[in-house]
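Chains as they are written, first to last, in this note's numbering: chain A, -12 to 655; chain B, 703 to 782.
Even glycine gets a Cβ: it sits at the ideal position worked out from N, Cα and C.
For clarity, every value in this text was computed on a predicted model and none was experimentally measured.
Worksheet: one structure, shown below.
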């Protein structure tokens, strides 16, 4: 047994992107996980705690990174955690099909003073592509435990922990074959090291710091400069200047080392064999056919989403929400009128909104999750790259923007996948122009009454208008705000593989949860606030504070043919949640106004020009409160948030005025 | 010397030089584009991004990025 009786250990989970690391994490921790942010960063931190054989294990999911050099914030976070918190062990997940490249991260981990266990994941996918890896041969070569896994089917995941426990019980058995740097750089490394001796903060191992200096790591260089006395720094700096290009040799020798490690362990398919991935990619990444396929796939996604979700949404609304609301109203019959109003018309309306959108989101995200899991999204990003370049973005921002069609909240959060802040910011700023399901619901509800036969045409036109504006705005933001800085497009194209229900389920859960958490709380609160504004001071909406606000906006509305204060109020309340427009119209047009459906009653007071302007403004109006909150969280800046909101406000007003005036000019 | 952009689909190249800042080169090197590495062109339509295979992984590269990888055309898998 171990020297002290261990009851609690901390294990860090490391790995490159696309290795199924989060699947392993979820298999191990189940639902007992905590999702937060790394201190002071917008990078997600997942931790989980569980018990196993009487041992309490805390598992920390490190950000997925290709290396541990300070090329990105994720990489700094990952290695800072390892160096400062010193977990008891690291589990490094590698993708069997891309073993050599994946071992690059392992090569960096092995020079740190923490024992490492390798999880050889996606063995099944590799086999499908004719790649076979002998785990025990690799284990013998590396001198560290190698556990074969199929995490998506929960095979071998427990063995990982067994290996960790064995390693901790017998620390002296951990004798890894550590990578060494090339002969020609060894004396230099030794010299750098001698300058550092005794000056560095205790959590920086001298060897590691010297290696990172030689690799030109910006963060370590800055830290060492602070720590070293002037003369030591000067001589170190001179030395580093003479060997500026050493980092390429170091990377090269790491790969040479990897080559030696895997040589005996890997069996590859014969050259010339055409794999399934290649066959699919002849179409999927073709500049013309690939684009056609992309459009077909996404049309299919929307078609399935709305075909399946619409009846469920209607059922939820009629059979669940209305019934429950009635019950609550009866229950509160003896309570003061304001209380029943607040609960039923304020809180319930808000909660109902959230609930009825869930089926649409769940189905939409399930479809996207499947496309992501089989590996298609990387191809979509590749095909779209050319177009995204016009906006100073690249293919990778296509994924978060497309999520926006479901809900803007996960789209804004999804912009995290961009490597640099500039691309992340542009993606976030453009997201509100992607029409989400809630805005589409308003269009679908109102357009038929407004435009009759032409409704479908107008709806598509509105979506196209939003996307054209998105492109124009993207180009302008790139030119004016970011001055045409260029962002590198470097993206791994994973092998295709069969979708996994658990992985997709997790994708759906994470994205839907982002919506519920933000929307659920904020929409509820703001629904209550709006109800109060519509009830005060007299309990009569026609003379309420809200109506007063709407009347004050009438002059602005008149430029867009929206002289009716009720229309302005319904637009304002869409700040709470886009589909609130309908709810507000329902309340305001509910009482008098004769017969016909709600949409018809609203349409009766509008010219076609005004109706179009109304829909244009609705599509472009300031993002809903949940999206604004997400923007604030992800940009960590009130200025960018304010910029985004003002941008939408200006665009929507200009759009509305433009639509109305042009329609009038051409005689509507 | 040629760049990765100049090679047709199926051609092999040996990486000889990476241009551009150290951060950029270090990222490429970590992905496997080290000096001496054998790269095969998987997709190159003459415009738009390319896809290159290096160390058994396919990597999409913007054209601007691919142009900064200088290669020497070669006959095929060397040293495997």
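Please identify, using Cβ separations under 7 Å, the residues of the region 756 to 772 of chain B that lie next to chain A, in order along the chain.
Under the 7 Å Cβ criterion, the region 756 to 772 of chain B contributes 757, 758, 759, 760, 761, 762, 763, 764, 766, 767.
Per DSSP, what kind of secondary structure is residue 776/B in: helix, strand or coil?
Residue state, collapsed to three classes: strand.
Suppose you measure from the CA of residue 242/A to the CA of residue 743/B; what does that come to, to the nearest Å?
Taking the straight line joining both Cα atoms gives about 20 Å.
Where residue 289/A and residue 255/A are concerned, what is the direct C-alpha to C-alpha distance, given to the nearest angstrom?
About 40 Å.
With DSSP as the reference, please indicate the residues paired to residue 36/A in a beta bridge.
45/A, per the DSSP bridge assignment.
Near residue 94/A, which residues of its chain fall below 7 Å by C-beta distance, leaving aside the five closest residues on each side in sequence?
For residue 94/A, same chain residues with a beta-carbon under 7 Å away, outside a window of 5 residues either side, are 166, 241, 244, 245 in chain order.
Write down the C-beta distance between residue 410/A and residue 732/B rounded to the nearest angstrom, noting that I regard them as a contact closer than 8 Å.
No, residue 410/A and residue 732/B are not in contact; Cβ-Cβ is about 19 Å, not under 8 Å.
Are the beta-carbon atoms of residue 643/A and residue 604/A separated by less than 7 Å?
Yes.
For the putative contact between residue 350/A and residue 291/A, defined by C-beta atoms under 8 Å, what is the C-beta separation to the nearest angstrom?
The pair is a contact, with the Cβ atoms about 7 Å apart (cut-off 8 Å).
Where does the unbroken beta strand (DSSP E) through residue 753/B begin, and where does it stop?
Taken as a continuous stretch (DSSP letters only), the beta strand (DSSP E) holding residue 753/B covers 752 to 756.
Quick one: what's got a C-beta closer than 6 Å to residue 675/A's C-beta in the same chain, skipping five residues either side?
Chain A is shown only over -12 to 655; residue 675/A falls outside these bounds and no answer can be derived.
Should residue 335/A go down as buried or exposed, given a rule of 16 or more other Cβ atoms within 10 Å for buried?
Counting other Cβ atoms within 10 Å of its Cβ, residue 335/A reaches 16 or more and is therefore classed as buried.
How is residue 580/A classed by DSSP in three states: helix, strand or coil?
Note that residue 580/A scores a pLDDT of 48, beneath 50, so its modelled location is shaky; the value from the coordinates is reported in the next line. Coil, per DSSP.
Quick one: list the residues of chain B neighbouring residue 58/A, beta-carbon separation under 7 Å, in chain order.
The answer, in chain order, is 725, 728, 729.
C-beta neighbour in chain B for residue 235/A, strict 7 Å
The beta carbon of residue 235/A falls within 7 Å of a beta carbon belonging to chain B, placing the residue at that interface.
In angstroms with no decimal places, state the Cα-to-Cα distance between residue 163/A and residue 104/A.
Their Cα atoms are separated by approximately 10 Å.
Can you tell me the Cα-Cα spacing of residue 580/A and residue 398/A, whole angstroms?
In this prediction, residue 580/A scores a pLDDT of 48, lower than 50, which makes its location untrustworthy; the coordinate-derived value is nonetheless stated afterwards. If I take the Cα positions, the gap works out to 40 Å.
In chain A, what lies closer than 7 Å to residue 745/B by C-beta?
By Cβ distance, chain A contributes 272.
In whole angstroms, what separates the C-alpha of residue 106/A from that of residue 21/A?
Computed Cα separation, rounded: 23 Å.
Supposed contact pair residue 418/A and residue 348/A - C-beta distance, whole angstroms, cut 8 Å:
Taking 8 Å as the upper bound for CB-CB distance, residue 348/A and residue 418/A are not in contact here, some 16 Å apart.
Is there at least one Cβ from chain A nearer than 7 Å to residue 754/B's Cβ?
So, not an interface residue.
Cross-chain neighbours of residue 373/A in chain B, by beta carbon under 8 Å:
Residues of chain B whose Cβ lies closer than 8 Å to the Cβ of residue 373/A are, in chain order, 749, 750, 751.
Give every residue of the same chain whose Cβ lies closer than 7 Å to the Cβ of residue 184/A, excluding the five residues on either side of it in the sequence, and list them in chain order.
Non-local beta-carbon contacts of residue 184/A in its own chain, meaning distances under 7 Å to residues more than five positions away in sequence, involve 193 in chain order.
Could you name the residues that DSSP lists as bridge partners for residue 783/B?
The question about residue 783/B has no answer here: the residues shown for chain B are numbered 703 through 782.
Interface residues of chain D around residue 732/B at Cβ under 8 Å?
This model lacks chain D altogether; the protein chains it does include are A and B.
Listed by chain order, chain A residues near residue 715/B by CB distance under 7 Å:
Listed along chain A is no residue with a C-beta nearer than 7 Å to that of residue 715/B; the closest approach is about 16 Å.
Would you check if the distance between the CB atom of residue 477/A and the CB atom of residue 763/B is smaller than 7 Å?
When the beta-carbon positions are compared, residue 477/A and residue 763/B come within less than 7 Å of each other.
With 8 Å as the C-beta to C-beta threshold (strictly closer), list the residues of the region 79 to 103 of chain A near chain B in chain order.
Answer in chain order: 84, 85, 86, 87, 88, 91.
At least three beta-carbon pairs within less than 8 Å, the region 593 to 610 of chain A to the region 427 to 441 of chain A:
Two segments are said to touch when three or more pairs of C-beta atoms, one from each, lie closer than 8 Å; by this definition the region 593 to 610 of chain A touches the region 427 to 441 of chain A.
Using a beta-carbon distance cut-off of less than 7 Å, what residues from the region 457 to 487 of chain A approach chain B?
If the cut-off is 7 Å between Cβ atoms, the region 457 to 487 of chain A has 473, 475, 476, 477, 478, 479, 480 near chain B.
Members of the region -4 to 27 of chain A near chain B, C-beta cut-off 8 Å
Cβ contacts with chain B: none found.
What separation, rounded to the nearest whole angstrom, lies between the Cα atoms of residue 695/A and residue 549/A?
This structure gives no information on residue 695/A, because the portion of chain A shown stretches from -12 to 655.
Report the residues of the region 379 to 390 of chain A with a CB closer than 8 Å to any CB of chain B, ordered along the chain.
Within the region 379 to 390 of chain A, the qualifying residues are 381, 382.
My assumption, with CB atoms under 8 Å, is that residue 705/B sits in contact with residue 773/B. Please give the rounded CB distance.
Beta-carbon to beta-carbon, residue 705/B and residue 773/B are separated by about 7 Å, close enough to satisfy the 8 Å threshold.
Proximity test, Cβ basis, 7 Å: residue 711/B and chain A:
Judged by the 7 Å Cβ criterion, residue 711/B is not in contact with chain A.
Classify residue 569/A as buried or exposed, calling it buried when 16 or more other Cβ atoms lie within 10 Å of its own Cβ.
Burial call: buried.
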